[in-house]
Amino acid sequence: MSSILTNNSAMVALQTLKSINSSLSDTQAAISTGKDINSAKDNASVWAISKVMESDVSGLSAVKDSLAVGQSAVAVASAGAEMIVETIKEMQALAISAQSESANFTQINAEMTAKKEQLDSIVAGSQFNGVNLLNTDTDGNGATGLAVVAEINRIGGGAATASTIDIASADLEASVTDITLTGTADTADAATTYTELETMLTAAITGAAALGTSAKRLDDQSNFISKLSDSLTSGVGALVDTDMEAASAKLQALQTQQQLGVQALSIANQAPQTILSLFR
2 MSSILTNNSA MVALQTLKSI NSSLSDTQAA ISTGKDINSA KDNASVWAIS
52 KVMESDVSGL SAVKDSLAVG QSAVAVASAG AEMIVETIKE MQALAISAQS
102 ESANFTQINA EMTAKKEQLD SIVAGSQFNG VNLLNTDTDG NGATGLAVVA
152 EINRIGGGAA TASTIDIASA DLEASVTDIT LTGTADTADA ATTYTELETM
202 LTAAITGAAA LGTSAKRLDD QSNFISKLSD SLTSGVGALV DTDMEAASAK
252 LQALQTQQQL GVQALSIANQ APQTILSLFR
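So, in structure tokens, the structure goes:
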């Protein structure tokens with residue numbers, strides 16, 4: 002039945018054209034923003050997952066900063082501890098030379114005193130950002146180490162929690178700075194001083210080795226966090242980013258459909274005019 006009041010063909014063509022225009026608008030938005038999922042209305046579940054993952058990526062960025070600070074603090078302390086080891090070895094050589102009856106005890110003792118002051122200075126100065134891992138009190142507030150945020154954990158979609166790597170103080174303040182050497186006034190004192198230096202050397206080597214182990218652990222964790230952050234970023238992209246090749250092909254197809262839809266609507270709109278021929 003033909004009617005001049007109800008044009009079913011035009012209504013179908015119009016609804017089809019609206020659908021095509023809507024898809025074309027979504028495709029153009031995806032191309033311009035680079036994202037298929039721009040808001041929760043696009044795909045609520047995927048959008049929610051992507052936002053949680055983006056939050057984790059931001060958290061990992063903060064973790065990398067924390068690890069960088071920890072690495073620097075440990076590197077400074079490690080350099081100080083290694084310098085202390087070398088200085089104590091030099092002091093041992095002086096103590097050995099002072100065990101000879103023909104030694105210049107006054108000169109050796111003066112050098113020994115200067116090097117002990119150097120040790121104290123190294124311990125006191127091996128700090129980074131207010132943290133000194135060679136002191137007994139590492140931060141001036143009673144801490145005996147350094148807690149470095151090393152990762153964030155999220156289990157079962159729950160709240161994220163941070164975990165730390167705890168770096169213990171080498172405490173060379175107690176085993177080096179606080180030690181008073183007997184001196185090298187004579188051969189007997191020199192022998193005693195050598196034994197004292199041996200104890201200090203053992204503590205310094207142990208402390209330097211522990212700091213080196215901590216430094217390696219922080220380096221490894223930093224590399225892992227960097228790779229994990231890249232993986233999460235890639236995962237977010239896989240969820241929400243636009244496949245530009247597919248979007249390009251879809252855009253061209255939709256533009257063609259739009260043109261055809263306009264023509265179909267134009268034809269449908271002209272159909273009632275053919276009814277006039279029935280009355281001629």
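Oh and the sequence shown: position 152 is 153 in this note's numbering, straight run, nothing missing.
Glycine included, each C-beta is placed from N, C-alpha and C at the ideal position.
Tell me, please, whether the segment 150–166 touches the segment 222–232 by the rule of three or more beta-carbon pairs shorter than 8 Å. yes
Under 8 Å, do THR183 and THR165 count as touching if we go by C-beta distance? Here the question's residue 183 lines up with position 182 in the sequence shown. Here the question's residue 165 lines up with position 164 in the sequence shown. Result no, Cβ atoms of THR183 and THR165 do not sit closer than 8 Å.
Residues bridged to SER164 (per DSSP): Counting from one through the sequence shown, the residue named residue 164 turns up at place 163. SER164 pairs with GLU152.
Starting from ALA78, follow the alpha helix (DSSP H) in both directions and report where the run begins and ends. As a first step, residue 78 must be located in the sequence shown, where it is residue number 77. Counting along the chain, the alpha helix (DSSP H) containing ALA78 begins and ends at 45–98.
Determine, using beta-carbon pairs with one atom in the segment 115–127 and one in the segment 78–97, whether at least three such pairs fall under 8 Å. yes
Which residues bound the alpha helix (DSSP H) around GLN256? Position 255 of the sequence shown, counting from 1, holds the residue named residue 256. Residues 245–271.
N- and C-terminal bounds of the alpha helix (DSSP H) containing THR145: Start at 1 with the first residue of the sequence shown, and residue 145 comes out as number 144. That residue, THR145, is in no alpha helix (DSSP H); it is neither H nor E in DSSP.
Which residues DSSP lists as bridging ASP179, in chain order: Residue mapping note: residue 179 aligns to position 178 of the sequence shown, counting from 1. In DSSP, ASP179 forms no bridge with anything.
Please state whether DSSP places ASP121 in a helix, a strand or coil. The residue labelled residue 121 in the question sits at position 120 within the sequence shown. If DSSP states are grouped into helix, strand and coil, ASP121 belongs with the helices.
Is VAL132 closer than 8 Å to ALA63 when the C-beta atoms are compared? As a first step, residue 63 must be located in the sequence shown, where it is residue number 62. As a first step, residue 132 must be located in the sequence shown, where it is residue number 131. Contact: no.
Counting only the same chain and skipping the five closest in sequence on each side, list residues whose C-beta sits under 8 Å from that of ALA216. In the sequence shown, residue 216 corresponds to position 215, counting from 1. Closer than 8 Å at the Cβ level, and outside the excluded window around ALA216, lie GLN72, VAL75, ALA76, SER79.
In the DSSP output, what is PHE129 paired with across the bridge? Sequence index remark: in the sequence shown, residue 129 carries index 128 (1-based). PHE129 is bridged to VAL132.
Rounded separation between THR34 and LEU68 - CA only: The residue given as residue 34 occupies position 33 in the sequence shown. The residue given as residue 68 occupies position 67 in the sequence shown. Cα to Cα, the separation comes out at about 34 Å.
With 16 as the cutoff for other CB atoms within 10 Å, does ALA49 come out buried or exposed? Translated into positions along the sequence shown, residue 49 becomes position 48. Classification of ALA49: exposed, given that the 10 Å Cβ count is below 16.
Using the DSSP secondary-structure output, state which residues sit across from ALA169 in a beta bridge. The residue labelled residue 169 in the question sits at position 168 within the sequence shown. Per DSSP, GLY146.
Helix, strand or coil, according to DSSP, for LYS42 in the structure here? Start at 1 with the first residue of the sequence shown, and residue 42 comes out as number 41. Coil, per DSSP.
Less than 8 Å between the C-beta atoms of VAL241 and ASP37, yes or no? As a working note, residue 241 is residue 240 in the sequence shown. As a working note, residue 37 is residue 36 in the sequence shown. Taking 8 Å as the Cβ cut-off, VAL241 and ASP37 qualify as a contacting pair.
Alpha-carbon spacing of THR137 relative to LEU198, whole angstroms: Sequence index remark: in the sequence shown, residue 137 carries index 136 (1-based). Sequence index remark: in the sequence shown, residue 198 carries index 197 (1-based). Roughly 20 Å separates the two Cα atoms.
Start and end residues, alpha helix (DSSP H) containing ILE226: As a first step, residue 226 must be located in the sequence shown, where it is residue number 225. Residues 188–241.
Between GLY159, GLU174, THR7, ALA250, which lies nearest to SER127 when the distance is taken from Cα to Cα? By 1-based counting over the sequence shown, the position of residue 127 is 126. Nearest option by C-alpha distance: GLU174.
For LEU15, which option in THR145, GLN264, GLU112 has the closest C-alpha, if you only look at C-alpha atoms? Mapped onto the sequence shown, residue 15 falls at position 14. Measuring from the Cα of LEU15, the nearest candidate turns out to be GLN264.
Burial state of ASN110, where buried means 16 or more other Cβ atoms lie within 10 Å: Taking the sequence shown and counting its residues from 1, one reaches residue 110 at position 109. It counts as buried.
Could you please give the first and the last residue of the uninterrupted alpha helix (DSSP H) stretch that includes GLN29? For the purposes of this step, residue 29 is taken as the residue at position 28 of the sequence shown. From DSSP, the alpha helix (DSSP H) with GLN29 extends over 9–34.
In whole angstroms, what is the alpha-carbon distance linking GLY213 and SER24? Numbered from 1 along the sequence shown, position 212 holds the residue referred to as residue 213. Numbered from 1 along the sequence shown, position 23 holds the residue referred to as residue 24. Looking at the two C-alpha atoms, the distance is approximately 59 Å.
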